[in-house]
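Listed in order, the protein sequences are those of chains A and B.
Here the working numbering = 1-based position in the first sequence + 1332.
Here the working numbering = 1-based position in the second sequence + 1.
Beta carbons are placed, not taken as given, at the ideal position from N, Cα and C, and that holds for glycine.
Input: a single structure, listed below in structure tokens.
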Amino acid sequence: MAEGGDVEWELSKENIQPLRRGRAISALHQALSQQQEGHSSATNQQRQAFECELRMYDGEDPLDVWDRYIKWTEQTFPQGGKESNLATLLERAVTRFTDEKKYHEDPRYVHLWIKFAENCPEPLDIYRFMQAQGIGVTQASFYIAWSEEYENQGNCRKADLVFQEGFKKCAEPNDKLLQFHKALQARVSRRAMMDVEEEESDNEPKEPERVSLADLKHRGKKKAIAPVNRTGPAIRSVSGGLQSRGTSILGNASNSRLMIFDETKTQSAGPSEPKLESWMAPPTSRAKENEQRPEKWSDVKIPQKSKFGHTVMAPPPPKPTFQPFVEESDQPPTMTPCKINPAVNTVLSARKPCREETPLKRLQDHHHQQREGEAGKPQEQSMYCKELLLSGAVEFSFEELRAERHFKKTAQESEVRRQRDQANASTAN
Amino acid sequence: MTGSNEYKLNQGPEDSISAVKFSPSTAQFLLVSSWDCTVRLYDVGGNTMRMKYQHTAPVLDCAFYDPTHSWSGGLDSQLKTHDLNTDQDTIVGAHDAPIRCVEYCPEVNVMVTGSWDRSVRLWDPRTPCNAGTFTQPEKVYTLSVAGDRLIVGTAGRRVLVWDLRNMGYVQQRRESSLKYQTRCIRAFPNKQGYVLSSIEGRVAVEYLDPSQEVQKKKYAFKCHRLKEEGIEQVYPVNAISFHSVHNTFATGGSDGFVNIWDPFNKKRLCQFHRYPTSIASLAFNNDGTMLAIASSYMQEKGDISHPEDAIFIRQVTDAETKPKST
């Protein structure tokens, strides 16, 4: 049983999104085995139960339900994706409590925000929004997440500034903030050292080469998009603190340095030296993917030095002075008119240009609307409990809400009856 | 308030009304399901209750199979059929979650139920037994039968069109053309399309034929909105019922109004007076001379005090229901 689970986990590692807090292995096994037979009614029922709880909760701490629901979702849908509704859920949770000041410094709430930011295409904007709203400004984890984002984008100076801001605000826990700040400083200085060493070691320009298993930087501001160019500066040199200066595997220096085979040297080397496997066949063309592709030369302007010292533009290619001969019988093939059923045609219709709507935009809109609502100028008013129907990741109908109230009431009644029966029985005895 | 062409049914249900359905063959009988766990049969002409039977939990929908058999389901997830002559219950089967809708398809002779367990089940009414379970992408909120086709409206604003003769695949998957939650779907009696109403005062008229020319004809309009002090109050549109002869339809909203629409000329034919509370269900009788109107609060704004639940029977004239030929 346990072995079967292990196999499954081995087979689907790439489908599991990493979590900061890690995953419970039992939950993972369960989720993976369920994944293969499609999501069971048990999962649906559990989700429904959470959704009900979100709506029916009338205690002191509504965030608790959201927190548990989101954690459950993360564990139950290890591959993430649309089905999990995680993005919607985070967005709703975060929006729901934006105006509740009591949660602004709650570590759970701040963590939800950080998760939300990590799911967004522009995390930095979210962090700025948080700061402007005063959410999590005394939480160390907020500054750590923010700084990490800057560092991922290669802006170490800003990353440091974020930490400074955190110190200024006396974010708690302070030692955690200090520890992460030191780690950042260490990484930055290590990189600086490596850069210096590189400059010293190689003076000749080198062909960039891809490094296998290197950590890539995200392209531009967009998150989780690997760059097209996977050499040189695109490689993240801050991964971990394991490699030491001398044996840097990353970076270009080690790649361009060729290992020259020397018979005598190999003989003298001890058995502990790793033996280099010789190629059985020359590398296939597949391996040449980093070669420069042939470019269009007509567009390239090569500055040409003439005798007189000024540049001459390359003359444009002359037009052919002859008419290309075409055989008279060689008519272009006439197109057979192909009638496409318009109904079928719509299947492959072009995607409509959708409005650019980022989660942040929606958030700001929401914020804006609420301000306007306070000003007392809503144009439309929904005559039903809109919040109850639409909170959570799935919608509810009036009947479902009412059914939930009904079940709650009957459960209470049966409980009262049971207690009364017990009391009666004890008095009879 | 009630004129000569309208009267209130006696012995109404003790809790909210979930559905009203007229008998397929006569204008005499009306079936009513309710949150008080009962299904009642009324003699509309005599204004008396003929019969009632119980479920173990609130009943969300009911339907006639033939003039002497009713089917019903609700929060107890059980599907019941009741012989109205002998007053006998049979439990036909069950869903994994409450049953939201019950319909009969005369063309294929099959009962259809939709449930919050994300499935539609078919039932052979003669045996009676289960004739198949068909998974839907979301919780089923409403369904309607158009000839041998089944139109299912689910949570997440999805609409699925199934072919009841071949349930092997979904014939069409659509998204509701309205922005908010689907409340009700009813098919045109001429089987060419359906009307879909949403929770935010809007109704869409859609066609089943996927060809572009036909699809061009679809449209949506706003209704069941009241302007008060410059604020537009938007009410859910809970109920739709088609006039079997004229293909016009009535809509009922939480504003307590009933409107009758002419979908061909895109005109409102008439609006009745305001009923005491939300319109929960509407039903034209078989020849379209009467309209049953269930005025019953559905807890749209929570569990608060509200006017009494009631069923009104209204005589309707051709002037109110027939498209005006121009």
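Beta-carbon gap between residue i and residue j smaller than 8 Å
| i | j | result |
| --- | --- | --- |
| tyrosine 43 of chain B | phenylalanine 23 of chain B | no |
| tyrosine 220 of chain B | alanine 147 of chain B | no |
| serine 35 of chain B | aspartate 62 of chain B | no |
| alanine 28 of chain B | threonine 290 of chain B | yes |
| proline 277 of chain B | serine 255 of chain B | no |
| arginine 269 of chain B | leucine 292 of chain B | no |
| proline 1410 of chain A | arginine 1352 of chain A | no |
| isoleucine 280 of chain B | valine 259 of chain B | yes |
| glycine 1468 of chain A | histidine 1513 of chain A | no |
| serine 116 of chain B | valine 141 of chain B | yes |
| valine 111 of chain B | aspartate 125 of chain B | yes |
| leucine 1720 of chain A | glutamate 1727 of chain A | no |
| arginine 158 of chain B | glutamate 176 of chain B | yes |
| threonine 39 of chain B | glutamine 55 of chain B | yes |
| alanine 1425 of chain A | isoleucine 1458 of chain A | no |
| alanine 95 of chain B | serine 73 of chain B | no |
| isoleucine 241 of chain B | glutamate 321 of chain B | no |
| valine 238 of chain B | serine 282 of chain B | no |
| valine 1494 of chain A | glutamine 1471 of chain A | no |
| serine 1373 of chain A | aspartate 118 of chain B | yes |
| alanine 205 of chain B | leucine 165 of chain B | no |
| proline 324 of chain B | phenylalanine 265 of chain B | yes |
| asparagine 48 of chain B | leucine 10 of chain B | yes |
| alanine 1503 of chain A | leucine 1510 of chain A | no |
| proline 59 of chain B | histidine 1698 of chain A | no |
| phenylalanine 1730 of chain A | glutamate 301 of chain B | yes |
| glutamine 1349 of chain A | glycine 1412 of chain A | yes |
Per-residue contacts from residue i into chain A (C-beta, under 7 Å)
| i | result |
| --- | --- |
| tyrosine 236 of chain B | Met1715 |
| alanine 156 of chain B | Val1726, Glu1727 |
| serine 145 of chain B | Correct list: empty, because the minimum Cβ distance to chain A is about 16 Å. |
| serine 255 of chain B | Met1715, Tyr1716 |
| tyrosine 142 of chain B | Ser1729 |
Residues that residue i bridges to, as DSSP identifies them
| i | result |
| --- | --- |
| tryptophan 124 of chain B | B:Met112, B:Asn131 |
| arginine 187 of chain B | B:Val196 |
| lysine 223 of chain B | B:Arg203 |
| glutamine 234 of chain B | A:Gln1713, B:Leu227 |
| valine 141 of chain B | B:Thr155 |
| serine 282 of chain B | B:Ala295 |
| asparagine 260 of chain B | B:Thr252, B:Gln272 |
| glutamine 316 of chain B | B:Met291 |
| glutamine 173 of chain B | B:Val162 |
| leucine 80 of chain B | B:Gly74, B:Gly94 |
| arginine 150 of chain B | B:Ala147, B:Asp164 |
| tyrosine 181 of chain B | Its beta-bridge partners do not exist; DSSP assigns none. |
9 Å Cβ cut-off: residues of chain B touching residue i
| i | result |
| --- | --- |
| histidine 1738 of chain A | Trp36, Ala58, Pro59, Leu76 |
Where residue i meets chain A, residues with beta-carbon distance less than 9 Å
| i | result |
| --- | --- |
| proline 99 of chain B | Glu1731, Glu1732, Ala1735 |
Chain-ordered neighbours of residue i on chain B, where CB pairs are closer than 7 Å
| i | result |
| --- | --- |
| glutamate 1712 of chain A | Glu233, Val235 |
Contacts that residue i makes with chain B (C-beta to C-beta distance below 8 Å)
| i | result |
| --- | --- |
| leucine 1721 of chain A | Gln182, Ile200 |
| request: Name, going along the chain, the residues of the stretch 284–308 of chain B whose beta-carbon falls closer than 7 Å to a beta-carbon of chain A. | output: Met299, Gln300, Glu301, Lys302, Gly303, Asp304
| For the stretch 1345–1376 of chain A, which residues have a beta carbon sitting closer than 8 Å to at least one beta carbon of chain B? | Ser1373, Asn1376
| Positions along the stretch 1504–1521 of chain A whose CB lies within less than 9 Å of some CB in chain B | none
| the stretch 111–123 of chain B: positions lying closer than 9 Å to chain A by Cβ | Trp117, Asp118, Arg119
| Which ranges does the beta strand (DSSP E) cover as unbroken runs of at least 3 residues, wholly within the stretch 17–63 of chain B, from first to last along the chain? | 18–23, 30–35, 39–44, 49–55
| query | Fully enclosed by the stretch 1424–1463 of chain A, which alpha helix (DSSP H) runs are 4 residues long or longer? | reply | 1439–1450
| said: Which runs of the beta strand (DSSP E) at least 3 residues long sit entirely within the stretch 1386–1412 of chain A? Give them in chain order. | reply: none
| task | Return the chain-ordered ranges of every alpha helix (DSSP H) run that is complete within the stretch 1714–1749 of chain A and spans a minimum of 4 residues. | result | 1718–1722
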